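Protein chains in written order, with full-length UniProt numbering: chain W, 1 to 215; chain A, 1 to 215. Okay, structure first, notes after.
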């Protein structure tokens, strides 16, 4: 079976992380790639499981070598997804499911053009605002940044292949799951079908040959 | 919700009709279009339900006027699908599900370019041959025609968006169902999303305006 990366993006608080977690629990044909970061490990975090913890030097060397499918700086720390890590998971026969922001998704899609891009929309502006505000946004300046980011991210919805409205979590999870199923059946992904069809045609040729000679 | 036509094609006996029937029973968001034919009604067939029974003259007039999304002659009788009938079903908020041969699918796709094309493959050449032969093919000449048609149809698999292998009927039905779900979420079909996104952006603009003035 051919495997492919699947990316969920959403404006802050759109529920993409919850959807991804649910799907990873439910489907054994999905895997996740462990990200790299330069930030210090937190209590309980295990290197290679939660993150690969890199020094800044190691991180920037990997950037310079083009080893990241996507990377970004967030609050002074660097985060990135190694191409090799994505390829490792795909090679185990699992699709790679990631939740990733709009800019990261764009970079990632360039690195892996067969990536399926899914945008998760909040059901309404009220819900979006409530979710943005609920994030301990004591600081008005930060809330403003988040609102502006959300606005910019919404403007990128046209780049995505699918749009899922997260007005009901179970339904949204089912919808993303159906997208993964359907994408696995897309003709341009089903490489093994060609061999199968050629085999079928060869068998029919033989049959036709036998029948048409049989006079 | 935007609706679209879905076509299942398969080499003779590929199970496409059974899959279509199961899905029409299961999903209320799918409908079927009643075909036109010039053949005489059989016992129990109702005009407008099983077929629209047309005279040859009426049929050919409709052909000349370009009213058919697809039509063909089969054993001296004419069969066709009216564009208006497809549009009627789509307008009721249901996707139109049809099982149709490869040539008809090609015509239909030209008439309705947003059609989703699904090819149903038999699991093996043996199964395909057995299915072709099981069709009361007393006549060797006819079996040969069927084998040749099947070979030609298999050669068209590249035109289809999805390939479903019918080695397990329940699974094949589930797979076609997932394709319909996913296609309904494709960004290019989700016209109403644009309005929704614009609404979300407008609400965020307002919020940003309020917050940034609030000094």
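All C-beta atoms in this analysis are idealised placements derived from N, C-alpha and C, irrespective of residue type, glycine included. Computed from a predicted structure; not experimentally measured.
- Minimum Cα-Cα distance from residue 118 of chain W among the listed residues W:142, W:169, W:75 and W:175 corresponds to W:175.
- Shortest Cα-Cα distance from residue 161 of chain A to any of A:120, A:189, A:83 and A:196 involves A:120.
- Counted as a single uninterrupted DSSP element, the alpha helix (DSSP H) harbouring residue 149 of chain W occupies residues 140-154.
- Under the Cβ distance rule, residue 100 of chain W does not count among the residues neighbouring chain A, no pair being separated by less than 9 Å.
- Taking a beta-carbon distance threshold of 9 Å, residue 174 of chain W counts as an interface residue toward chain A.
- The CB of residue 211 of chain W comes closer than 8 Å to the CB of 140, 143, 144 and 147 in chain A, given here in chain order.
- Shown here for residue 63 of chain W: same chain residues with a beta carbon closer than 7 Å to its own, the five before and five after excluded, namely 71 in chain order.
- Bridge partners of residue 92 of chain A according to DSSP: none are assigned.
- The beta carbons of residue 85 of chain W and residue 9 of chain W sit about 19 Å from each other, so the pair does not count as a contact at 8 Å.
- One Cα belongs to residue 171 of chain W, the other to residue 112 of chain A, and the distance between them is close to 29 Å.
- By the neighbour-count criterion, in which a residue is buried when 16 or more other Cβ atoms sit within 10 angstroms of its Cβ, residue 75 of chain A is exposed.
- Proximity of residue 178 of chain A to chain W, defined by a Cβ-Cβ separation below 9 Å, is satisfied.
- When rounded, the separation of the alpha-carbon atoms in residue 2 of chain W and residue 31 of chain W is 14 Å.
- For residue 129 of chain W, the C-beta contacts it makes with chain A under 8 Å involve 203, 204 and 207, in order along the chain.
- Against chain W, the beta carbon of residue 199 of chain A has neighbours under 7 Å at 125, listed in chain order.
- Sequence-distant partners of residue 77 of chain W (beyond 5 residues in either direction) whose C-beta falls short of 8 Å from its own C-beta, in its chain, are 37, 38 and 39.
- Between residue 98 of chain W and residue 11 of chain W, the C-beta gap is not smaller than 9 Å, which leaves the two residues out of contact.
- Taking 9 Å as the cut-off, the Cβ atoms of residue 182 of chain W and residue 25 of chain A do not count as close.
- Counted as a single uninterrupted DSSP element, the beta strand (DSSP E) harbouring residue 81 of chain W occupies residues 77-82.
- Per DSSP, residue 133 of chain W is one residue of the alpha helix (DSSP H) stretching across 125-133.
- Apart from the 5 residues on each side of it in sequence, residue 193 of chain A has no Cβ closer than 6 Å to any other Cβ in its chain.
- Between residue 160 of chain A and chain W, the shortest Cβ-Cβ separation is below 9 Å.
- In this structure residue 122 of chain W is buried. Its beta-carbon is surrounded by 16 or more other beta-carbon atoms within 10 angstroms.
- Between residue 143 of chain W and residue 211 of chain A, the C-beta spacing is below 9 Å.
- Between residue 49 of chain A and residue 173 of chain A, the C-beta gap is not smaller than 9 Å, which leaves the two residues out of contact.
- The DSSP-derived three-state label of residue 47 of chain W is strand.
- Taken through DSSP and simplified to helix, strand or coil, residue 101 of chain W comes out as coil.
- Residue 24 of chain A: member of the alpha helix (DSSP H) spanning 16-26, first to last residue.
- At a C-beta separation below 8 Å, residue 187 of chain W has these neighbours in chain A: 119, 157, 158, 160, 161, 162 and 163.
- A Cβ-Cβ contact shorter than 9 Å links residue 14 of chain W with residue 128 of chain W.
- The beta carbons of residue 96 of chain A and residue 185 of chain W sit about 20 Å from each other, so the pair does not count as a contact at 8 Å.
- The three-state secondary structure of residue 54 of chain A, taken from DSSP, is coil.
- With a minimum length of 3 residues, there is no unbroken run of beta strand (DSSP E) contained wholly in the stretch 166-202 of chain A.
- Excluding the 5 residues flanking it on each side, residue 80 of chain W has same chain C-beta neighbours closer than 6 Å at 36, 68 and 71, in chain order.
- DSSP places residue 33 of chain W in the coil class of the three-state scheme, outside both helix and strand.
- DSSP, read as helix, strand or coil, puts residue 211 of chain W in helix.
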